[in-house]
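Under full-length UniProt numbering, the letters of the sequence shown match residues 1 to 226, in that order. Notes follow once the structure below has been shown.
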Amino acid sequence: MSSPSRQIKCVVVGDGTVGKTCMLISYTTDSFPVQYVPTVFDNYSAQMTLDNHTVNLGLWDTAGQEDYDRLRPLSYPQTDVFVLCFSIVSPVSFDNVATKWIPEIRQHCPDAPILLVGTKLDLRDDANPRAGSTEDRPPITKSQGQKCAQKIKAVKYLECSALTQQGLKQVSGTLECLMILFYESRIVFFLKLSVGGNGYCHVFEDAVRAVINPKPLKQKKSCTIL
C-alpha cells in the first residue's frame, strides 16, 4: 500500500525573460510556448509516485521584473526548495544571482535549499548566441555556473533547455535526479544521473524522490515576510 501523498512546494525565481515559464510549460505540457507573456504569478503541479511515496510537486512561477519586488515574496512562505534560474546567454541575469536573488531569498527563507539552473542551454553554442540581446559578453560556461553554485551554497548546479528539453526530461530510462530527505531539522539533497544519460541532470522529470523521516522536525524555520 502506498503512503499518503507528500506536498512539496518549489518556487522558481530569476530575472525576467530568462525562461522560467517556458521551462515549467515545457515540463508540464511537453510543448514550448511561442509567445512571451510576462508572468505575474502562476502555479503548475506535477504528481509522481516514487518508492511507494506519492509526491505532489507544486511549482510556483514568479515574476522577475523589479515592478514585482514587493509582491513576489508573498509566494515564499512554506517553500521547500527554490529553483533559481539565469539565462546562460545573459551574463547580467547571472550576475544578479548573487547580487539580487540570494539576498532576497535568504531574507525571507534563510534555510531553504536552492537549486541553481542555467536556462537556454541550446543557445550556448549557437552561431550567434546573443541575437536579440544588448549584452556584449560571451555566454556563461558550465564551470562558471558550478563556481557560482558553490559560492551561494546551492545544493547543485544544473543546465537545461526548455526548447529541446535537454536536461529537462528523460530521454530514455529512469533518472533519479533529486532525492529529498527530511532528517531532523535539515533537508538533505542527493542527486544522481541515470545510467546512459547525456550528462545533464533533469530539472523536473522524475526529479523528486521524497523519503520523509517520521520523526518530528526539530526547530524547523519557516519562511517569513519581513
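All C-beta atoms in this analysis are idealised placements derived from N, C-alpha and C, irrespective of residue type, glycine included. As the structure is a prediction and not an experimental result, all values here were calculated from the model.
CA-CA distance, residue i and residue j?
i	j	result
Val-81	Val-55	14 Å
Thr-141	Tyr-157	12 Å
Thr-28	Ser-45	8 Å
Ala-154	Leu-115	6 Å
Asp-136	Arg-6	45 Å
Pro-77	Lys-100	19 Å
Gly-16	Phe-86	9 Å
Glu-104	Ala-63	14 Å
Asp-30	Thr-164	10 Å
Val-92	Arg-106	20 Å
Ile-152	Val-34	33 Å
Pro-113	Glu-159	17 Å
Glu-66	Arg-72	10 Å
With distances taken from CA atoms, which of the options is nearest residue i?
i	options	result
Tyr-68	Val-89, Thr-141, Gly-14	Gly-14
Leu-121	Arg-106, Ala-63, Ser-161, Gly-58	Ser-161
Gln-150	Gln-35, Thr-62, Val-97	Val-97
Thr-21	Arg-70, Leu-84, Gln-78	Leu-84
Gly-167	Gly-16, Ser-26, Lys-9	Ser-26
Gln-47	Ile-105, Thr-119, Ile-8	Ile-8
Ser-143	Leu-163, Gln-165, Gly-118	Gly-118
Leu-57	Cys-10, Gln-35, Leu-71	Cys-10
Arg-70	His-108, Lys-147, Val-34	His-108
Asn-43	Gln-146, Pro-113, Asp-61, Gln-65	Asp-61
Would a C-beta distance cut-off of 9 Å place residue i and residue j closer than the cut-off?
i	j	result
Val-18	Ser-90	yes
Pro-139	Arg-124	yes
Ile-102	Phe-94	no
Leu-24	Leu-74	no
Does the ligand COA have even one heavy atom less than 8 Å from the beta-carbon of residue i?
i	result
Cys-148	In the structure on display, the ligand COA does not appear, and there are no ligands present to speak of.
Assign residue i to one of three DSSP states: helix, strand, or coil.
i	result
Gly-167	coil
Leu-115	strand
Lys-9	strand
Ser-26	helix
Thr-21	helix
Glu-135	coil
Tyr-68	helix
Phe-86	strand
Gly-58	strand
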